[in-house]
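To start, the structure itself, in structure tokens.
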Amino acid sequence: METRELRYFVAVAEELHFGRAAQRLGIAQPPLSRAIRQLERRLGVTLLERDSRSVALTAAGSVLLREGRAALDAVAAAGRRTRRAGQAADGGAGLVLTTKAGASSELLAKLLDAYAAEPDAVPVEVLLCGIGEQERLLRDGRADVALLHLPFDSTTGLDSEELVTEQQVAILPAGHPLARLPHLRTADLETLPDLPMPRWPRPDGSYPPGPGPGVRDPAQLLQLIALGRTVAVLPESARSLLLADLTAVPVPDAPAVTTVIAWPPHSRSRALAALVRTATRL
């Protein structure tokens, strides 16, 4: 299959309308229809059920939509990494490190300071992102390296080194009755009528149903907790972010969180290797 065909198919599958897909692609509708029919003949399956009124994905079409998106993302990532490698060879690029805003702040500061002191260090651009976005930025080639957090992020298909493992704490309004307890259980927090658990975004950006507020970054989350709208369970290092109107209570039965430094397995960047060595030394 050609990437052009995949782009055409993904556009139609997402729009479920040939006219809108053609407009999105900047081409006429007849060659788009011919390309999809040719792709179906080549694969020997029907990808789209269409009539005069509607377009719908078949089971095979749903598989190709998922796989096609991944393939196009991989091609785009290859292009970004190739350009960055060329810029680095010419001395015109450093490293891009991505991490969730507000997470592992102390560790990140120590890592950047220690790496900057290395004799052959290159500039490091820090790309702060929302919850769960750093993995995507690393995989699609917009970042060279990322700080990820297990078990919430996935390192499948990446190389990684574990840096630190922390227990978790509940972040509560300082005046809440539970804030005076020496420790809490996760079950204590999941049934609070006045402090529903926050809702984190799915990979597609939507939120799961529930009474808690939808949150995208730690600053927003901490403000909502201070206002008495929600409660959160975060790694122990989140204590460094707390203001006077918040408190942290240990949650011994919550899963431990391991911070890892991760990078694409095919990377041959000496600067990246030096950054990883610095991180593991710390």
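Whatever position you read off the sequence shown (first residue = 1), add 92 for my numbering.
Using N, Cα and C, we set each Cβ at its ideal position, and we do this for glycine too.
Check                                                                                                               : Outcome
Helix, strand or coil at Glu132 [DSSP, three-state]                                                                 : helix
Per-residue burial, Ser361 [other beta carbons within 10 Å of its own, 16 or more giving buried]                    : buried
Beta-carbon separation (whole angstroms), Ala311 vs Asp232, contact threshold 8 Å                                   : About 25 Å; that fails the 8 Å criterion.
Contact set for Ala271: own chain, Cβ-Cβ below 8 Å, skip 5 residues either direction                                : Leu264, Pro265, Thr339, Val341
Within 8 Å, strictly: CB atoms of Glu132 and Leu124                                                                 : no
Rounded distance between the beta-carbons of Ala371 and Glu253, thought under 8 Å                                   : 7 Å
Proximity to Leu220 [Cα-Cα], best of Asp245, Ala201, Glu198, Gly194                                                 : Gly194
Simplified DSSP state of Leu242, which is helix, strand or coil                                                     : strand
Distance CB(Val102)-CB(Leu157) smaller than 8 Å                                                                     : yes
Start-end ranges of the alpha helix (DSSP H) lying completely within the region 262-337, minimum 4 residues         : 278-282, 310-318
Nonlocal neighbours in the same chain, by C-beta distance under 7 Å from Leu276, ignoring five residues either side : Ala262, Leu270, Val341, Val343
Which listed residue (Arg308, Gln259, Pro305, Ile353) has its alpha carbon closest to that of Ala330                : Gln259
Beta-ladder partner(s) of Arg158, from DSSP                                                                         : In DSSP, Arg158 forms no bridge with anything.
Cα-Cα separation, Leu367 to Phe244                                                                                  : 23 Å
Other residues of its chain near Thr190: CB distance less than 7 Å, five sequence neighbours each side excluded     : Leu219, Cys221, Gln226, Leu229, Leu230, Ala235, Ala238
Selection from Arg294, Ser298, Pro305 that minimises the alpha carbon distance to Asp286                            : Pro305
Where Leu319 falls, given that 16 or more other Cβ within 10 Å makes a residue buried                               : exposed
Alpha-carbon to alpha-carbon, Gly224 and Val349                                                                     : 14 Å
Neighbourhood of Thr150 by C-beta, 8 Å cutoff - its chain only, sequence neighbours within 5 removed                : Val137, Thr138, Leu139, Leu140, Glu141
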